[in-house]
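Engineer:
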Amino acid sequence: KKLLATPFGILFNELQRSPKALCASLLSLLKQGLECDSGTPYSTEVELILYVIRVALRVEHSISFLVQLADGAHASMERELRDVLILPEILAELRECLATVQGVLREEVRNMLEGWIAQCIKKFKDLASDPEADRQ
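The sequence shown begins at 34 in my numbering and counts up one residue at a time.
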């Protein structure tokens, strides 16, 4: 176990060594999650979709952290992290991955979630105006 350990975990290790492979897998998982959307927040796939979105957001946050760290722009980091070296070509791959993942999250995922929210608000308003409607 100690031989495989990294100072900041496997995710950071993969992101600083082979971000393209991880990004491709993440985008594939995210697209497949979006394909499960039936257009309603009341379907059985919602938990799976939300899980995939949470995973994507956590990876996106880690990529963003590494890009900010490499740029020296992270507000709370004033020194280098042990065993974290981001080469210029890796930084370019991280930036590309970050832009792509953020694009999917801010467009497709956001639109889906806003649609779900609108349906929930409508259902709540309908129930508030006619509490007996839910029992029928």
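All C-beta atoms in this analysis are idealised placements derived from N, C-alpha and C, irrespective of residue type, glycine included.
State the CB to CB distance for the pair E126 and K64, rounded to an integer number of angstroms; the pair is presumed to be in contact (CB under 8 Å).
Structural biologist: The pair is not a contact, with the Cβ atoms about 19 Å apart (cut-off 8 Å).
Engineer: Pick out whichever of S58, L83, A57, L59 has its Cα sitting closest to the Cα of C69.
Structural biologist: C69 has its Cα closest to that of L83, out of S58, L83, A57, L59.
Engineer: How close, in whole Å, do the beta carbons of L60 and V142 come, if the pair is a contact with beta carbons under 8 Å?
Structural biologist: At roughly 12 Å, the Cβ-Cβ gap does not stay under 8 Å, so L60 and V142 are not in contact.
Engineer: Comparing the C-beta of G105 with each C-beta of chain D, is any distance below 8 Å?
Structural biologist: The structure shown contains no chain D, having only a single protein chain.
Engineer: Over the uninterrupted alpha helix (DSSP H) stretch that includes H94, give me the two end residues.
Structural biologist: H94 -> alpha helix (DSSP H) spans 79-104.
Engineer: If I follow the unbroken alpha helix (DSSP H) through L160, where does it start and stop?
Structural biologist: From DSSP, the alpha helix (DSSP H) with L160 extends over 143-162.
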